[in-house]
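According to my numbering, the sequence shown is numbered sequentially starting from 48. For each residue, glycine too, the CB sits at the ideal point set by N, CA and C. Remember, predicted model here, so these are calculated numbers, not experimental data.
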Amino acid sequence: MATFHSRSNSFPSQSHPVMQSVEDHMCRLKSSEAASTSATSIGANLVSLRDLHESINKLIQTPSIQQALSQEQGENWINELLEESLRLVDLCGFSRDVVCSTKESIQALESSIRRNRGETATDDQINAYVASRKKINKMVNKCIKNLKSFNQSSTALPAIGMMLKETESLDFSALKSLLILLSGEKEGSKQRNWSLLSKFVQTKRVHYEIEQENGAEDLCSLNMHKSSKGMHKITSKQLKATEMTIQELEDGLEALFRSLGKHFLLRSQLVWLAGAFLTP
């Protein structure tokens, strides 16, 4: 963040509470970005991103940032960042829908087991779950493939633009990690991903520990092979533990989605302000 200050005098000083909050959130997210492959770290990053956007939203509304717009030579960079902001809102919304669909497929399997008064799933129940997961994974994998060209900038950015672009990069990284986790498609780490997914809830529900771990491995096997192999041992307790994990991720995404939506509206105001300042 020091580079932002060195390139512009329009930022509040580093001792300013809002600026300090932005820097603290960015530092934490950068330090955890490389390790954000587990449900625990991804869930924590979603919360941190929400807090980061709330701080940036406050920063954008400060008089010094508003004044900075009058000193810019054009508004192309603002328009470009506005488009990227909208794409992030869409990506977060898509991720939220995927998490919701994943939770619903797990709940449907749980409900089927309860109706049969059994402790494990039948072939028909497993096959229905497999079909649901195939559909979800197909959507996720298509989205991940299309993300390769995301987050590229063709415009030279001023200091505030650099800060916003860096925030977008953190958003993109966290959402992509979440989608990879849910799809189970990460190379060389498929089983480990779902194993760590269960550990997200172990600290609060220790008595589920063994069931969660085994159930997570079965879910991983499902995502890896796109078949019902290895699913017969899954119990309703294992599914419930995974559902609780998914719920926490869904809550984090919902909070981030609201923050991104508000952030997009503020960026829209920046476009208007830049145009007003540049109007003769």
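Query	Result
Selected residue, minimal CA-CA separation from G308, among I112, L93, V136, V145	V136
Cut-off 6 Å between Cβ atoms - residues of its own chain near L225, not counting five sequence neighbours on either side	I89, S142
Length-filtered (4 minimum) alpha helix (DSSP H) runs lying within the stretch 104-155	110-116
Where Q285 falls, given that 16 or more other Cβ within 10 Å makes a residue buried	buried
Outcome for C139 when other beta-carbon atoms lying within 10 angstroms are tallied against a minimum of 16	buried
Minimum C-alpha distance to I227 - residue among L217, N188, E215, Q113	N188
C-alpha distance - M66 paired with M186, whole-angstrom precision	38 Å
Three-state class that DSSP yields for N193 in the structure shown	helix
Member of S148, C147, I173 whose CA lies at the smallest distance from the CA of S159	I173
Residues near C190 in its chain [Cβ-Cβ closer than 7 Å; skip 5 each side]	F141, L226
Under 8 Å between C-beta atoms of L102 and S68	Residue identity check: residue 102 is Ser in the sequence provided, not Leu. Yes; because the gap between Cβ atoms is below 8 Å, this pair is in contact.
Same chain only: Cβ atoms within 6 Å of E234, ignoring 5 sequence neighbours per side	Note that E234 scores 44 on pLDDT, short of 50, meaning its location in the model is unreliable and no value can be drawn from it.
Whole-angstrom distance between S216 and V94, CA atom to CA atom	16 Å
Under the three-state DSSP convention, the category G299 falls into	helix
Secondary structure of A168, DSSP reduced to three states	coil
Residue environment, S78, which counts as buried when at least 16 other CB atoms sit within 10 Å	exposed
Same chain only: Cβ atoms within 6 Å of H100, ignoring 5 sequence neighbours per side	S306, H310
Nearest candidate by alpha-carbon position, reference L76, set F304, S283, S220	S220
Reference R180, options E297, P205, G208, S148, closest by Cα	S148
R314 versus Q114, S85, L133, A86, residue with shortest Cα-Cα distance	L133
Helix, strand or coil at P64 according to DSSP, with G and I counted as helix	helix
Nearest to D98 (by Cα), restricted to the options E127, E151, R161, E301	E301
Limits of the alpha helix (DSSP H) - the one that S216 falls within	206-230
Cβ separation of K150 and E290, assumed to be a contact under 8 Å, to the nearest whole Å	6 Å
Proximity below 8 Å, CB of V318 to CB of L156	no
Beta-carbon gap between A86 and T292 smaller than 8 Å	yes
Buried or exposed by the 16-neighbour rule on C-beta atoms within 10 Å, applied to L312	exposed
Rounded straight-line distance, which links the Cα of D170 to that of L106	55 Å
Euclidean distance between Cα positions of L96 and K212	14 Å
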